[in-house]
Amino acid sequence: MARTAGIRAARRVALALIAGPVFYLLASVIGALIPSGGSVRAGGPVTIHLVTGPIHYDFLLPLDAQTRARFAAMNDPGLPLEAPGAEWLVAGWGARDFYTTTGTYRDLSPRAVWRAATGDASVIRLGLAGPLTGEVPVRSIAMDRVTYDRLLDAILADFARDAAGRPIALDHPGFSDVDMFFEARGRFHLFRTCNTWIGRVLRDAGLRFGAWTPLPLSVGLAQRVHLGG
Numbered sequence: 001m002a003r004t005a006g007i008r009a010a011r012r013v014a015l016a017l018i019a020g021p022v023f024y025l026l027a028s029v030i031g032a033l034i035p036s037g038g039s040v041r042a043g044g045p046v047t048i049h050l051v052t053g054p055i056h057y058d059f060l061l062p063l064d065a066q067t068r069a070r071f072a073a074m075n076d077p078g079l080p081l082e083a084p085g086a087e088w089l090v091a092g093w094g095a096r097d098f099y100t101t102t103g104t105y106r107d108l109s110p111r112a113v114w115r116a117a118t119g120d121a122s123v124i125r126l127g128l129a130g131p132l133t134g135e136v137p138v139r140s141i142a143m144d145r146v147t148y149d150r151l152l153d154a155i156l157a158d159f160a161r162d163a164a165g166r167p168i169a170l171d172h173p174g175f176s177d178v179d180m181f182f183e184a185r186g187r188f189h190l191f192r193t194c195n196t197w198i199g200r201v202l203r204d205a206g207l208r209f210g211a212w213t214p215l216p217l218s219v220g221l222a223q224r225v226h227l228g229g
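Note that this note's numbering has the sequence shown beginning at 1, numbered continuously upward.
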């Protein structure tokens, strides 16, 4: 009898371990399909890109006069916005422990995964990129200047600031010679991920996007369905 009860309990645990990720995946698809945000139609003179790495999506913002002016407070020897050849500003949000130590899946540590799943402080990474070569796939979104300015507002609002209102750079190396990490607002967890941040910023800009996009596949699906990418 005791053995039978133990087997049943083990089966329940195994079922829960399988069902949890399956439900999360299904919810991420449904959340991507549910429309949310404003009614602004994509299209206009400004084109941004969503670039996916091995773990999550980042924004690629054109390093034009508007972008450089809005991010002037972040200009630093480690992030020289006026650097020759710099054409794009990479912007992403994520869990502090996970994001600052994980360039690829090979860098994953149990501690970083656990903190990302259960809750961690957040950071924003900014980096510079040169001309797009086509080697890295991107998803493009065109918009007008007003919408783009709102998108920049949404990104800048998530930087933590010191008493003087300045962004707080982390004393931590980036992944290259031209990127930096900054302290960010809000906590990261399973339901508020780097990919849900992408969706929220787009919705705050006035664009229609998926209501909840926790996974890279959610972002890609929402972009195709709601923005015609």
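Note that beta-carbon positions come from the ideal geometry of N, C-alpha and C, so glycine has one too.
Just so we're clear, the structure is a prediction, and the values are computed from it rather than from any experiment.
What are the partner residues of Met74, as DSSP defines its beta bridges?
-> The count along the sequence shown starts at 1 and reaches residue 74 at position 74. Paired residues: none, contrary to the question.
How would you call Pro45, buried or exposed, if buried means at least 16 neighbouring beta carbons within 10 angstroms?
-> Within the sequence shown, residue 45 is the residue found at index 45, counting from 1. Exposed, since its Cβ has fewer than 16 Cβ neighbours within 10 Å.
Exposed unless 16 or more other CB atoms sit within 10 angstroms - verdict on Ser39 = Position 39 of the sequence shown, counted from the start, is the residue given in the question as residue 39. With fewer than 16 other Cβ atoms within 10 Å, it is exposed.
With 16 other Cβ atoms within 10 Å as the buried cut-off, status of Gly119 = Residue mapping note: residue 119 aligns to position 119 of the sequence shown, counting from 1. Exposed: under 16 other Cβ atoms inside 10 Å.
Leaving out five residues on either side along the sequence, give the residues of the same chain with a beta carbon under 6 Å from the beta carbon of Leu221.
-> Here residue 221 is taken as the residue at index 221 of the sequence shown, counted from 1. Only Ala32 meet the Cβ criterion.
Do you know offhand how far Pro110's Cα is from Arg96's?
-> Taking the sequence shown and counting its residues from 1, one reaches residue 110 at position 110. Taking the sequence shown and counting its residues from 1, one reaches residue 96 at position 96. The straight-line gap from Cα to Cα measures roughly 14 Å.
Please work out which residues of its chain come closer than 8 Å, Cβ to Cβ, to Asn195, disregarding the five sequence neighbours upstream and downstream, and give them in chain order.
-> To locate residue 195, count along the sequence shown from 1; it is residue 195. Taken in chain order, the residues that qualify are His56, Tyr57, Thr213, Pro214, Leu215, Pro216, Ser218, Val219.
Contact with chain C by Asp162, beta-carbon distance below 8 Å | Of the protein chains in this structure there is only one, and it is not chain C.
For the putative contact between Arg139 and Gly37, defined by C-beta atoms under 8 Å, what is the C-beta separation to the nearest angstrom?
-> Residue mapping note: residue 139 aligns to position 139 of the sequence shown, counting from 1. Residue mapping note: residue 37 aligns to position 37 of the sequence shown, counting from 1. About 17 Å; that fails the 8 Å criterion.
In the structure shown, what three-state DSSP assignment does His189 receive?
-> Taking the first residue of the sequence shown as 1, we reach residue 189 at position 189. Three-state result, His189: strand.
Helix, strand or coil for Ser218 per DSSP?
-> If you number the sequence shown from 1, residue 218 lands on position 218. Looking at Ser218 - three-state DSSP - the assignment turns out to be helix.
Run the CB neighbour count on Pro167, radius 10 Å, all protein chains shown included, and call it buried at 16 or more, exposed below.
-> Along the sequence shown, one-based indexing puts residue 167 at 167. Flag for Pro167 reads buried.
So, is His49 buried or exposed, given that buried needs 16 or more other C-beta atoms within 10 angstroms?
-> Here the question's residue 49 lines up with position 49 in the sequence shown. The residue is buried, with at least 16 neighbouring Cβ atoms inside 10 Å.
Looking only at its own chain, which residues have a Cβ that is under 8 Å from the Cβ of Arg185, when we skip the five neighbours before and after it?
-> Residue numbering aside, residue 185 sits at position 185 when the sequence shown is read from its first letter. These residues qualify, in order along the chain: Ser122, Ala157, Asp158, Phe159, Ala160.
Along the beta strand (DSSP E) that carries Ala142, what are the first and last residues, could you check?
-> Residue mapping note: residue 142 aligns to position 142 of the sequence shown, counting from 1. Segment 138 to 143, the beta strand (DSSP E) holding Ala142.
Name the residue from His226, Asp179, Arg150, Arg224 whose alpha carbon lies nearest to the alpha carbon of Gly92.
-> As a working note, residue 92 is residue 92 in the sequence shown. For Gly92, the nearest C-alpha among the options comes from Asp179.
Can you tell me the Cα-Cα spacing of Leu89 and Ala27, whole angstroms?
-> Locating residue 89 in the sequence shown gives position 89, counting from the first residue. Locating residue 27 in the sequence shown gives position 27, counting from the first residue. Taking the straight line joining both Cα atoms gives about 31 Å.
When you compare each of Leu79, Val22, Phe175, Arg125 to Trp197 by their alpha carbons, which one comes out closest?
-> Taking the sequence shown and counting its residues from 1, one reaches residue 197 at position 197. Ranking the options by Cα distance to Trp197, first place goes to Arg125.
Mapping DSSP to helix, strand and coil, what is Trp93?
-> As a first step, residue 93 must be located in the sequence shown, where it is residue number 93. Three-state DSSP puts Trp93 in a strand.
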